[in-house]
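If you read the protein sequences in the order shown, they are chains A and B. Sequential numbering from 122 applies to the first sequence in my numbering. Sequential numbering from 3 applies to the second sequence in my numbering.
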Amino acid sequence: MSHTLASTQNSSKVQLGFWIYLMTDCILFATLFAVYAVLRNNTAGGPSASDIFDMPFILVETLLLLASSFTAGIALLAAKKSMISLARKLLIATLVLGVSFLAMELYEFIKMYNEGHSWRESAFLSAYFTLVATHGLHITAGIIWLLVLLPKFFRSKIDSLTISRLTLFSMFWHFLDVVWIFIFTVVYLIGDKTL
Amino acid sequence: MSAPTKSLLQDKSFKLYVQGFVFSLIFTLAAYFFATSNTSGGLLFGITLALFAFGQLLTQLICFLHLDQESKPRYNQMAFIYTALTVFAIVAGSLWIMHNLHYNMKPQDPNIEQKILENEGYEIRQ
Numbered sequence: 122m123s124h125t126l127a128s129t130q131n132s133s134k135v136q137l138g139f140w141i142y143l144m145t146d147c148i149l150f151a152t153l154f155a156v157y158a159v160l161r162n163n164t165a166g167g168p169s170a171s172d173i174f175d176m177p178f179i180l181v182e183t184l185l186l187l188a189s190s191f192t193a194g195i196a197l198l199a200a201k202k203s204m205i206s207l208a209r210k211l212l213i214a215t216l217v218l219g220v221s222f223l224a225m226e227l228y229e230f231i232k233m234y235n236e237g238h239s240w241r242e243s244a245f246l247s248a249y250f251t252l253v254a255t256h257g258l259h260i261t262a263g264i265i266w267l268l269v270l271l272p273k274f275f276r277s278k279i280d281s282l283t284i285s286r287l288t289l290f291s292m293f294w295h296f297l298d299v300v301w302i303f304i305f306t307v308v309y310l311i312g313d314k315t316l
Numbered sequence: 003m004s005a006p007t008k009s010l011l012q013d014k015s016f017k018l019y020v021q022g023f024v025f026s027l028i029f030t031l032a033a034y035f036f037a038t039s040n041t042s043g044g045l046l047f048g049i050t051l052a053l054f055a056f057g058q059l060l061t062q063l064i065c066f067l068h069l070d071q072e073s074k075p076r077y078n079q080m081a082f083i084y085t086a087l088t089v090f091a092i093v094a095g096s097l098w099i100m101h102n103l104h105y106n107m108k109p110q111d112p113n114i115e116q117k118i119l120e121n122e123g124y125e126i127r128q
């Protein structure tokens, strides 16, 4: 697969455009983080962070997302080297890991809701659900994107447009991993501890 | 081992991805066990966790997003630095303003006047 100079320059422009979108998304998350950081102790008599978070559960969630970020990166590399069957397997692994992450997050939300700790209970829980579910919505969008992309890898050849799309997807997926690192640290690890 | 597999395993970015994955696992587990074994919190606790998160961030940016490998003009890096600045202003600014508002709220503590006088460095004369 040969890239002409023009198509390389064009794809780097597309990547820059997508990167700028990711940076604006970063600002969206920053505002939600600011809200959470301000409200994290306003529990209004409801549960605080250490009462409701199941830490080993969250660690497994985090490791799943880290692993899926890794498989997405290697899949891109394999696709660039025209190793389509390897890329396909790795993308399916990414999909499975991503769906497992989302399922665990939804399970956690539903469990909290059923225990009576919904977003209506306190400012802390409102901020928590808004921040974490916004990340979860992005993960859902990423999974849909991956489902759209995956059929291209069941053919014998992939074109440069597919590679370009996979590059953007992997950027998106790595970005969500970075955001999750901060959710993991700020929401779960710090929790309700005073700094 | 087939030729493409060999070329994949020897690729520089493949090694970078593996290194990134190992580092991110180390940072995650270190931060997790540090945070769960500590129950009191405090400034040192916060700084250590921030350092772990920063290490994790650098790992992801360099090993997965390859932000350092960009050739000139480095628009991606510029966009990133500007965003980091904006994020800092939003988060630190919100915390600062809300802390100050909270400080100036209608007092619920009966000894608040005494406390404010002490905090502001006035001497109380009877």
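Where a beta carbon is used, it is the ideal one built from N, C-alpha and C, also for glycine.
Which chain B residues sit within Cβ distance under 8 Å of Phe-198(A)? Residue identity differs from the one stated: residue 198(A) is Leu in this sequence, not Phe. Those within 8 Å of Leu-198(A) in chain B are Leu-10, Asp-13, Ser-15, Phe-16, Tyr-19.
Please work out which residues of its chain come closer than 8 Å, Cβ to Cβ, to Ser-4(B), disregarding the five sequence neighbours upstream and downstream, and give them in chain order. Excluding residues within five positions, none has a Cβ falling inside 8 Å.
Does Leu-87(B) have its Cβ less than 8 Å from a Cβ in chain A? Leu-87(B) is outside the set of residues whose beta carbon lies under 8 Å from a beta carbon in chain A.
Report the neighbours of Asp-298(A) on chain B: residues whose CB is nearer than 9 Å to its CB, in chain order. Going along chain B in sequence order, the residues near Asp-298(A) (Cβ under 9 Å) are Ser-26, Gln-62, Phe-66.
Using 8 Å as the threshold, is the C-beta distance between Ala-248(A) and Arg-161(A) below it? Cβ atoms of Ala-248(A) and Arg-161(A): closer than 8 Å.
Could you name the residues of the same chain whose beta carbon sits closer than 7 Å to that of Lys-1(B), not counting the 5 residues immediately before and after it, in chain order? For chain B, the structure presents residues 3 to 128; residue 1(B) sits outside this window and is missing.
Could you check whether the Cβ of Gln-58(B) sits closer than 8 Å to any Cβ belonging to chain A? For Gln-58(B), the answer is yes, since a Cβ of chain A falls inside 8 Å of its Cβ.
Can you give the Cα-Cα distance for Ser-243(A) and Gly-237(A), rounded to whole angstroms? Rounded to the nearest angstrom, the two C-alpha atoms are 11 Å apart.
Determine the direct distance from the alpha carbon of Gln-12(B) to that of Leu-137(A), and round the result to whole angstroms. Leu-137(A) and Gln-12(B): Cα-Cα distance of roughly 28 Å.
Measuring alpha carbon to alpha carbon, tell me which of His-68(B), Gly-95(B), Leu-119(B), Leu-97(B) ends up nearest Ile-15(B). In the sequence under discussion, the amino acid at residue 15(B) is Ser, which differs from the Ile named in the question. Among His-68(B), Gly-95(B), Leu-119(B), Leu-97(B), the Cα nearest to that of Ser-15(B) is on His-68(B).
Going by the CB atoms, is the gap between Ile-260(A) and Leu-223(A) shorter than 8 Å? In contact: Leu-223(A) and Ile-260(A) (Cβ atoms closer than 8 Å).
Give a yes or no on contact between the region 219-233 of chain A and the region 45-54 of chain B, applying the rule of three or more CB pairs nearer than 8 Å. Contact annotation: the region 219-233 of chain A does not touch the region 45-54 of chain B, with fewer than three C-beta pairs closer than 8 Å.
CB of Lys-174(A) within 8 Å of CB of Tyr-309(A), strictly: The question names Lys, but residue 174(A) is Phe in the sequence shown. Yes, the Cβ-Cβ distance between Phe-174(A) and Tyr-309(A) is below 8 Å.
Classify Asn-131(A) as buried or exposed, calling it buried when 16 or more other Cβ atoms lie within 10 Å of its own Cβ. With fewer than 16 Cβ atoms within 10 Å of its Cβ, Asn-131(A) is classed as exposed.
Meets three-Cβ-pair contact criterion under 8 Å: the region 84-93 of chain B and the region 52-72 of chain B: The region 84-93 of chain B, when compared against the region 52-72 of chain B, does not touch it at the 8 Å Cβ threshold.
Buried or exposed: Val-269(A), going by 16 or more other Cβ atoms within 10 Å of its Cβ? Exposed, since its Cβ has fewer than 16 Cβ neighbours within 10 Å.
Could you pull out every unbroken alpha helix (DSSP H) segment of at least 4 residues lying fully inside the region 156-201 of chain A, listed in chain order? DSSP runs (the alpha helix (DSSP H)) wholly in the region 156-201 of chain A: 170-173, 176-201.
Looking at chain A, is there any beta carbon in it that lies within less than 8 Å of the beta carbon of Met-80(B)? Taking CB atoms only, Met-80(B) has no neighbour in chain A less than 8 Å away.
Three-state secondary structure (DSSP) at Pro-75(B)? Reduced to three states, the DSSP call for Pro-75(B) is coil.
Selection from Tyr-142(A), Ile-205(A), Thr-183(A) that minimises the alpha carbon distance to Ile-284(A): Selection Tyr-142(A), Ile-205(A), Thr-183(A) evaluated against Ile-284(A) yields Ile-205(A) as nearest (Cα-Cα).
My output table needs one value for Glu-226(A): the three-state DSSP class, helix, strand or coil. Note: Glu-226(A) maps to helix in three-state DSSP.
Name, please, each residue of chain A whose Cβ falls closer than 7 Å to the Cβ of Leu-51(B). What Leu-51(B) touches in chain A, judged by beta-carbon distance under 7 Å, is Thr-306, Leu-310, Ile-311, going in chain order.
Roughly how many whole angstroms lie between the Cα atoms of Ser-189(A) and Ile-304(A)? Roughly 17 Å separates the two Cα atoms.
Proximity to Met-144(A) [Cα-Cα], best of Thr-41(B), Glu-120(B), Leu-63(B): Closest by alpha carbon: Leu-63(B).
Put Glu-115(B) into one of helix, strand or coil per three-state DSSP. Helix, per DSSP.
With 16 as the cutoff for other CB atoms within 10 Å, does Lys-314(A) come out buried or exposed? Classification of Lys-314(A): buried, given that the 10 Å Cβ count is 16 or more.
For Asp-280(A), does the three-state DSSP call read helix, strand or coil? For Asp-280(A), the secondary structure class from DSSP, reduced to helix, strand or coil, is coil.
Taking contact to mean 3 or more Cβ pairs, one atom from each stretch, closer than 8 Å, check whether the region 278-292 of chain A and the region 191-200 of chain A are in contact. Yes, the region 278-292 of chain A touches the region 191-200 of chain A.
Quick check: what's the CA-CA separation for Phe-245(A) versus Glu-115(B)? Put simply, the backbone Cα of Phe-245(A) is about 29 Å away from that of Glu-115(B).
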